[in-house]
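Data first, discussion second: the structure below is written as structure tokens.
Written as structure tokens, this is what we have:
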């Protein structure tokens with residue numbers, strides 16, 4: 051990412067006092083999370099806060115932002131916080147206070163946030179302890195598009211997307227959000243759709259996330275003031291508050307974009323994109339190559355994401371790329387663009403006007419495509435999306 055511990059004498063007239071004192075002691079020792087656990091709330095807001103790296107300072111900053119609002123009877127804020135120079139604990143976030151949630155076996159341990167078992171345990175424990183109508187999970191840390199998220203320095207590990215989907219296989223989430231860079235990619239979101247994770251909305255950026263991350267005070271204020279909002283409403287508020295928070299800052303405001311992808315549309319998007327890729331592949335060979343290569347190159351240039359993780363080399367904005375193909379009357383492009391617009395809600399700063407909510411891997415040069423072993427190697431081809439026709443399309447485009 052460009053991104054925290056009476057002694058009673060027997061009295062025949064006071065036989066009820068030991069029981070009363072026991073009740074009082076228990077009520078003082080058990081955190082407010084126990085009360086929340088006994089009743090069904092509207093929302094449980096879970097944050098997997100992996101700050102055991104160079105983002106440690108911003109972990110404290112974001113926890114302070116959450117404490118500025120705190121949990122309510124309708125909204126539980128639950129955070130697994132791993133610090134750089136300290137152990138991890140599972141916290142219930144109250145107004146201006148943190149309480150360690152008891153009976154979580156990893157409390158006080160140097161946990162590996164890059165272990166999918168840690169993520170699975172955190173999510174399942176939190177969802178069982180804090181029963182709610184709706185659940186949101188935020189993965190907080192560095193993001194690295196095709197590889198994954200949540201780099202832990204102690205020990206050195208990270209979560210691949212395949213590990214995340216495995217950890218979330220048995221839970222239902224209304225929102226999965228990445229407070230991390232460059233996760234709003236079609237290759238990434240399709241990995242979650244293909245694995246059949248039960249997620250309604252996917253919130254992520256196709257660009258950078260500034261160090262300060264999500265504006266937790268603003269979005270939690272909105273949620274606690276209107277806890278009956280729908281998952282779609284909350285996901286769009288996450289986007290709107292994020293853009294509003296950074297739009298007056300320099301230089302951060304120049305590089306921010308955030309979007310909501312409706313997971314119900316992802317399979318259709320990939321199916322239509324596969325149709326487009328299969329249509330173009332043979333046209334990028336033989337007598338038609340020069341004409342169609344020029345059309346595709348123009349679309350790629352229009353959607354170029356020079357401000358993305360890998361500068362000018364790696365990615366384009368998928369909706370922009372498809373829109374230019376549609377404007378040039380390339381078959382299958384218009385219907386795909388319409389589906390993208392239906393399935394994505396996105397906002398971006400003025401300098402990212404070509405970012406419409408979903409990126410795609412499309413290197414800009416033959417050399418970059420052939421010789422960057424990270425992209426061309428196991429990481430890209432280990433994902434499901436390339437095998438839907440886009441890998442063959444890329445090879446045809448570069449004349450391989």
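Residue numbers (our numbering): 51 to 450. Every residue gets a Cβ at the ideal spot worked out from N, C-alpha and C, and that includes glycine.
Those residues which DSSP pairs with residue i across a bridge
{"i": "residue 410", "result": "366"}
{"i": "residue 248", "result": "222"}
{"i": "residue 96", "result": "128 and 187"}
{"i": "residue 143", "result": "148"}
{"i": "residue 91", "result": "182"}
{"i": "residue 159", "result": "138"}
Bounding residues of the alpha helix (DSSP H) (the contiguous stretch that carries residue i)
{"i": "residue 184", "result": "Note, residue 184: premise wrong, no alpha helix (DSSP H); beta strand (DSSP E) at 182 to 190."}
{"i": "residue 258", "result": "Where residue 258 is concerned, there is no enclosing alpha helix (DSSP H), given that its DSSP letter is neither H nor E."}
{"i": "residue 431", "result": "428 to 431"}
{"i": "residue 439", "result": "Neither: residue 439 is in no alpha helix (DSSP H) and is coded neither H nor E."}
{"i": "residue 418", "result": "416 to 421"}
For residue i, the nearest candidate out of the options (CA to CA)
{"i": "residue 443", "options": "394, 346 and 379", "result": "346"}
{"i": "residue 91", "options": "110, 100 and 178", "result": "178"}
{"i": "residue 127", "options": "266, 152, 257 and 224", "result": "266"}
{"i": "residue 320", "options": "333, 292 and 244", "result": "244"}
{"i": "residue 185", "options": "251, 168 and 445", "result": "251"}
{"i": "residue 418", "options": "364, 400 and 429", "result": "364"}
{"i": "residue 37", "options": "147, 148 and 221", "result": "Residue 37 is absent from the model: the chain starts at 51 and stops at 450."}
{"i": "residue 106", "options": "134, 277, 123 and 396", "result": "134"}
{"i": "residue 310", "options": "392, 349 and 343", "result": "392"}
{"i": "residue 432", "options": "212, 101 and 119", "result": "212"}
{"i": "residue 140", "options": "173, 317, 124 and 108", "result": "173"}
{"i": "residue 192", "options": "160, 182 and 232", "result": "232"}
{"i": "residue 97", "options": "143, 370, 349 and 445", "result": "143"}
{"i": "residue 137", "options": "162, 114, 145 and 292", "result": "162"}
{"i": "residue 300", "options": "401, 429 and 122", "result": "401"}
{"i": "residue 268", "options": "189, 296 and 168", "result": "296"}
{"i": "residue 387", "options": "397, 367, 153 and 398", "result": "367"}
DSSP state of residue i mapped onto helix, strand, coil
{"i": "residue 137", "result": "coil"}
{"i": "residue 354", "result": "strand"}
{"i": "residue 311", "result": "strand"}
{"i": "residue 166", "result": "helix"}
{"i": "residue 279", "result": "coil"}
{"i": "residue 49", "result": "Any question about residue 49 goes unanswered here, given that the chain covers just 51 to 450."}
{"i": "residue 102", "result": "coil"}
{"i": "residue 210", "result": "strand"}
{"i": "residue 75", "result": "Caution is warranted here: a pLDDT of 37 is assigned to residue 75, below 50, making its placement in the model unreliable, and no coordinate value can be reported."}
{"i": "residue 174", "result": "helix"}
{"i": "residue 434", "result": "coil"}
{"i": "residue 121", "result": "coil"}
{"i": "residue 454", "result": "No statement about residue 454 is possible, as the shown extent of the chain runs from 51 to 450 and does not include it."}
{"i": "residue 228", "result": "strand"}
{"i": "residue 381", "result": "coil"}
{"i": "residue 306", "result": "coil"}
{"i": "residue 297", "result": "coil"}
{"i": "residue 373", "result": "helix"}
{"i": "residue 345", "result": "helix"}
{"i": "residue 243", "result": "helix"}
{"i": "residue 404", "result": "coil"}
{"i": "residue 154", "result": "coil"}
{"i": "residue 81", "result": "Caution applies to residue 81, whose pLDDT of 48 falls short of 50 and renders its modelled position unreliable; the model cannot decide the point."}
{"i": "residue 361", "result": "Low local confidence applies: a pLDDT of 48 at residue 361 is under 50, so the model's placement there is unreliable, with the coordinate-based value given in what follows. Correct three-state label for residue 361: coil."}
{"i": "residue 60", "result": "A caution first: residue 60 carries a pLDDT of 34, below 50, which makes its placement in the model too unreliable to give a value."}
First and last residue of the uninterrupted beta strand (DSSP E) at residue i
{"i": "residue 335", "result": "It is not in any beta strand (DSSP E) - residue 335 carries neither H nor E in the DSSP assignment."}
{"i": "residue 396", "result": "394 to 398"}
{"i": "residue 448", "result": "Here residue 448 belongs to no beta strand (DSSP E), and DSSP marks it neither H nor E."}
{"i": "residue 198", "result": "198 to 203"}
Closer than 8 Å to chain D by CB, residue i
{"i": "residue 341", "result": "You won't find chain D in this structure, because it holds only one protein chain."}
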